[in-house]
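Residue numbering for the sequence shown follows our numbering, starting at 27 and increasing by one per position.
Each residue gets a CB set at the ideal place from its N, CA and C atoms; glycine is no exception.
None of these values were measured; they are calculated from a predicted model.
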Amino acid sequence: MKESWLAQNPNGVGELSFLFCGRQNCAPGDSVGPAVREHYLLHFCLSGRGVYQAQGRSYAIGPGEGFLILPDEVTSYQADQSEPWTHIWVGFHGSRAGEYLHQCGLGRDHRVYRCAAPDRLDHCVREMMRYETAGRGHELMLQGELYHFLGWIARSAEEPSHRGRETGKEYVELAMEYIRNHFQEDLTVAKLARYVGLNRSYLTTVFQSVLQMSPQQFLMRFRMTRAAQLLRENNLSVGEVARSCGYPDPLTFSKAFKRTLGVTPSRYRRGARAEHMAAEAETKVLPV
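1) Would you call the stretch 134-147 and the stretch 220-236 touching, i.e. three or more CB-CB distances under 8 Å?
2) Look up R295 in the DSSP assignment and say whether it is helix, strand or coil.
3) Which residue from E199, G133, R156 puts its Cα closest to that of A183?
4) According to DSSP, simplified to helix, strand and coil, what is L262?
5) With a CB to CB cut of under 7 Å and the five nearest residues on each side skipped, what residues in its chain are close to R122?
6) Taking only the alpha-carbon atoms, compute the straight-line gap between P276 and Y294 and give it to the nearest angstrom.
7) State buried or exposed for Q50, treating a residue as buried only when at least 16 other CB atoms are found within 10 Å of its CB.
8) What runs of the beta strand (DSSP E), each 3 residues or longer, lie entirely inside the stretch 89-144?
9) Return the CA-CA distance between S108 and D56, expressed in angstroms with no decimal places.
10) Kindly give me the distance between the Cβ atoms of H136 and H65, rounded to whole angstroms, as I take these residues to be in contact under 8 Å.
11) Looking at the structure shown, is C71 part of a helix, part of a strand, or coil, going by DSSP?
12) Which same chain residues, not among the five before or five after V62, have their C-beta less than 7 Å away from its C-beta?
13) Looking at the secondary structure, which residues open and close the alpha helix (DSSP H) in which F209 lies?
14) Between the stretch 246-258 and the stretch 226-237, do at least 3 Cβ pairs fall closer than 8 Å?
15) Given this structure, state the Cα-to-Cα distance separating L68 from K281, to the nearest angstrom.
16) Ordered along the chain, which non-local residues of its own chain (more than five positions away) have a Cβ less than 7 Å from that of S187?
17) Between which two residues does the beta strand (DSSP E) holding P60 run?
In structure tokens, the structure reads:
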């Protein structure tokens, strides 16, 4: 089922012009082409598998991989029969489009690419779809997301040799940043691993090496630290604090909080307030 299709500025001119984007959960064997297009088109596979055909060659495409369709060439692509892909795509043209694609490591001789941050590409396309109805200024928003989309591909193109040498610290830093920005959501280690481009097992190994704790433990500690801060500094109910820290069920949150800090959220709040009042009283009798 095609989730969304967006066409914008089809006659746009300039260095780089966004045309359209889409996202689709394909049925087994879904195919497009053979066909010729007048613009550049980047596809990216989020899950499942498929085949891309161009210039008499076939390319097997899997999760985390994408392909480039060039203007004025006959191409086709098809979802796998047993494991059909979910894929996204962005169409564009412009006087410098080929140059930007070259920075991504793509061109006539290099049509297939990998991206270590699939969630970021997916996020770009979802934002493009959202801007369809964003009103005034949405064309600039769309252009910005197109540059982001290409930027993430270019970044991945630069990293393979560097990634082979790194200790894992950069992966952990990227994962920690994602946790800080998404801890309020239904965040799992599997989602985190997809975001940084590692499998779940290896991400856990990297976390243990760098932080001496698992991703799940870091997420739990971060949530509990934030919860303790909210309990100390706000009058939110325990349920509101729970939801603010990614726990839809207050009881589950309370159990996790007590397991981590040794006291219930309510008792922690009472103790924190008592300490604050004692500190205030002490400052009143200090010599000036």
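Judging by the given coordinates:
1) yes
2) By 1-based counting over the sequence shown, the position of residue 295 is 269. Reduced to three states, the DSSP call for R295 is helix.
3) On the sequence shown, position 157 is the one that residue 183 refers to. Among E199, G133, R156, the Cα nearest to that of A183 belongs to G133.
4) Mapped onto the sequence shown, residue 262 falls at position 236. L262: coil per DSSP, three-state reduction.
5) As a working note, residue 122 is residue 96 in the sequence shown. E41, L42, listed in sequence order.
6) Taking the sequence shown and counting its residues from 1, the one referred to as residue 276 is at position 250. Taking the sequence shown and counting its residues from 1, the one referred to as residue 294 is at position 268. If you take the alpha carbons of P276 and Y294, they lie about 15 Å apart.
7) Within the sequence shown, the letter at position 24 stands for residue 50. Burial call: buried.
8) 91-95, 100-105, 112-119, 138-140
9) On the sequence shown, residue 108 is found 82 positions in, with the first residue counted as 1. On the sequence shown, residue 56 is found 30 positions in, with the first residue counted as 1. The straight-line gap from Cα to Cα measures roughly 11 Å.
10) Counting from one through the sequence shown, the residue named residue 136 turns up at place 110. Counting from one through the sequence shown, the residue named residue 65 turns up at place 39. H136 to H65, Cβ: 19 Å. No contact.
11) By one-based count along the sequence shown, residue 71 stands at place 45. Here C71 sits in strand by DSSP.
12) Along the sequence shown, one-based indexing puts residue 62 at 36. Result list for V62: D98, E99, V100, in chain order.
13) Against the sequence shown, residue 209 aligns to sequence position 183. Unbroken run through F209: none, as it is neither H nor E.
14) no
15) If you number the sequence shown from 1, residue 68 lands on position 42. If you number the sequence shown from 1, residue 281 lands on position 255. Rounded to whole angstroms, L68 to K281 spans 47 Å at the Cα level.
16) On the sequence shown, position 161 is the one that residue 187 refers to. In this prediction, S187 scores a pLDDT of 41, lower than 50, which makes its location untrustworthy; no coordinate-derived value is stated.
17) Within the sequence shown, residue 60 is the residue found at index 34, counting from 1. From DSSP, the beta strand (DSSP E) with P60 extends over 57-62.
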